[in-house]
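Contents: one structure, followed by commentary.
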Amino acid sequence: MSEIADLSSRPEFWTENQKAQAILKEKGRLENELTQFDINNRAFEDLKALYDLSQELNDEPALQEVAAGLAPLVTRIEDLELQKMLSGEQDGLNAIVNVNAGAGGTESQDWASMLFRMYLRYCQQAGYKTEVVDVSDGETAGIKSATFIVNGHNAFGFLKAEIGVHRLVRISPFDSNARRHTSFASVFVTPEIDDTIVVEIKDADLRVDMYRSGGKGGQGVNTTDSAVRLTHYPTGLVVTCQNERSQIKNKAMAMKILKSRIYDKLMAAEMAKQDAVEAGKKDIAWGSQIRSYVLHPYKMVKDHRTGYVSSQAEKVLEGDLEPYIKAYLKCALTGQWARGGTDDVE
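Using the numbering used here, read the sequence shown as starting at 2 and increasing by one per residue.
Shown next as structure tokens:
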């Protein structure tokens with residue numbers, strides 16, 4: 002804090018506006034943490050003094066008052082611990098989430114659709130706003146891919162826990178013989194960069210394709226070439242957007258996503274954060290999954306990185322991801338990960 006105060010008082014502080022804004026943002030975060038620490042520390046000292054007094058006087062009502070004050074204090078301390086887990090430079094930003102079906106046709110495409118719904122439900126429960134940017138429908142059922150933006154504080158910080166390959170084991174609703182099938186889908190999450198970050202994209206490095214929006218047809222089908230596909234040659238990144246009827250709006254949204262993905266790629270290279278990036282680029286196949294969702298012969302959802310397990314598979318698929326995300330953040334903070342391991346279903 003003293004270093005930031007010294008920097009912000011210098012005449013040349015605002016020479017680099019973007020850097021200055023980032024420093025002041027960090028100052029605000031640190032001030033909030035210190036304030037919360039002081040509040041909780043005083044509350045703890047007050048409760049400790051009251052507890053000592055209750056023991057000395059054998060005062061049961063005072064002891065009950067201590068117990069009543071302890072629960073909210075523990076909650077506030079847990080919130081502070083969570084803030085510490087989300088202190089990364091990009092954690093506070095919005096998130097861009099991409100879900101892709103793996104090999105396996107209809108089975109994997111239906112699984113990708115289930116994941117897509119699960120994340121929308123999670124965001125709704127967490128109070129985040131979502132904006133669907135692009136959905137590529139499956140050939141028979143489900144989706145081939147979906148991209149959506151999650152708006153809200155720490156959206157990326159939480160959802161980065163979902164990067165990787167997700168595996169489903171169930172009795173297939175598409176198999177007339179009711180056999181058990183294993184399906185895979187991948188999830189990739191990048192931060193949506195804000196106005197303080199500039200990513201330069203040269204025209205010569207970019208290919209822009211316009212095409213007609215896909216869909217199931219009907220009155221809402223778009224009959225103009227409003228969908229946009231951007232291809233960035235240096236990185237090989239491809240972004241599509243077709244949620245708007247306006248070609249201009251679709252291009253602007255696609256460009257925003259492309260810049261965010263380029264920035265994330267650059268940051269990953271510079272800061273050597275390859276673990277999370279590589280998890281989103283593994284082969285979408287057996288053995289590379291970060292989490293398994295088993296619906297048959299028993300019900301279980303297990304995260305192979307943290308070891309966290311729940312038997313309430315339906316609840317998880319309805320968006321109850323908070324325990325899994327918190328377990329991931331704790332492991333990321335301590336560096337203590339589960340030692341591999343899988344479920345027993347192959």
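C-beta: ideal position from N, C-alpha, C; glycine also.
| Item | Value |
| --- | --- |
| Candidates Q37, R118, L58 and G70: which alpha carbon is nearest V188's? | R118 |
| Is the beta carbon of T183 closer than 8 Å to that of V170? | yes |
| Going by C-alpha to C-alpha distance, which of T107, G143 and N155 sits closest to D91? | The residue you asked about is not Asp; residue 91 is Gln in the sequence shown. It is N155. |
| In three-state DSSP terms, what is A96? | strand |
| Measuring only the C-alpha atoms, how far is V302 from A339? | 15 Å |
| Going along the chain, which residues of its own chain have a beta-carbon closer than 8 Å to the beta-carbon of K145, five neighbours each way excluded? | N101, A102, Q110, A113, S137, D138 and G139 |
| So which of R30, N18 and H233 has the shortest CA-CA distance to L349? | Here the chain has residues from 2 to 347 only, and residue 349 is not among them. |
| Three-state secondary structure (DSSP) at L318? | helix |
| Excluding the 5 residues flanking L330 on each side, which residues of the same chain have their C-beta closer than 6 Å to its C-beta? | M86 |
| In whole angstroms, what separates the C-alpha of Q56 from that of V75? | 21 Å |
| Who are A228's beta bridge partners in DSSP? | Y212 |
| Check each candidate in E201, Q248 and T191 and name the one with the smallest Cα separation from D210. | Q248 |
| Which residues in the same chain as K282 place their Cβ atom closer than 7 Å to its Cβ, once the five residues preceding and following it in sequence are excluded? | With a pLDDT of only 49 at K282, under 50, the local geometry of the prediction cannot be trusted, and the value read off the model is given with reservation. Answer for K282: no residue qualifies. |
| Just verifying my parser: in three-state terms, what is the DSSP assignment at G237? | coil |
| Using a Cβ distance threshold of 8 Å, determine whether the stretch 120-132 contacts the stretch 310-329, with at least three qualifying pairs required. | yes |
| Using the beta-carbon count (16 or more within 10 Å), is V133 buried or exposed? | exposed |
| Classify N251 as buried or exposed, calling it buried when 16 or more other Cβ atoms lie within 10 Å of its own Cβ. | buried |
| Would H167 and I326 be called neighbours here (beta carbons separated by less than 8 Å)? | no |
| Since L48 sits in a beta bridge, which residues does DSSP pair it with? | According to DSSP, L48 bridges with nothing at all. |
| On the CB-based measure, 16 or more other CB atoms within 10 Å of its CB, does H233 come out buried or exposed? | buried |
| Can you list, in chain order, the residues of its chain with a C-beta nearer than 6 Å to that of I97? Leave out the 5 residues immediately preceding and following it. | I150, T191, E193, I258 and S261 |
| With distance defined between alpha-carbon atoms, name the residue in D204, A255 and D206 nearest to S227. | A255 |
| Closer than 8 Å, CB to CB, is L259 near chain C or not? | Included in the structure is just one protein chain, with no chain C present. |
| Of all the alpha helix (DSSP H) runs that stay within the bounds of the stretch 137-178, which reach a length of 4 or more residues? | 156-160 |
| Kindly indicate the opening and closing residues of the alpha helix (DSSP H) around Y120. | T107 to A127 |
| Go through its chain and collect everything with a Cβ distance to E163's Cβ below 7 Å, but skip five positions before and after it. | V188 and V190 |
| Could you tell me the boundaries of the beta strand (DSSP E) in which T191 lies? | R181 to E193 |
| Would a C-beta distance cut-off of 8 Å place A314 and Y294 closer than the cut-off? | yes |
| For N59, count neighbouring C-beta atoms within 10 Å of its own C-beta (all shown protein chains included) and say buried if the count is 16 or more, exposed if not. | exposed |
| Quick check: what's the CA-CA separation for C242 versus D7? | 45 Å |
| Could you tell me the distance, in whole angstroms, from the CA atom of P73 to the CA atom of S311? | 26 Å |
| Taking the CB atoms as reference points, tell me whether L231 and L207 lie closer together than 8 Å. | yes |
| What do you reckon, are the CB atoms on F175 and T236 nearer than 8 Å? | no |
| Is the CB-CB distance between F185 and G105 below 8 Å? | yes |
| Can you name, in chain order, every residue of its own chain whose Cβ lies under 6 Å from the Cβ of W15, other than the five neighbours on each side? | A21 |
| For V200, name the three-state secondary structure that DSSP assigns. | coil |
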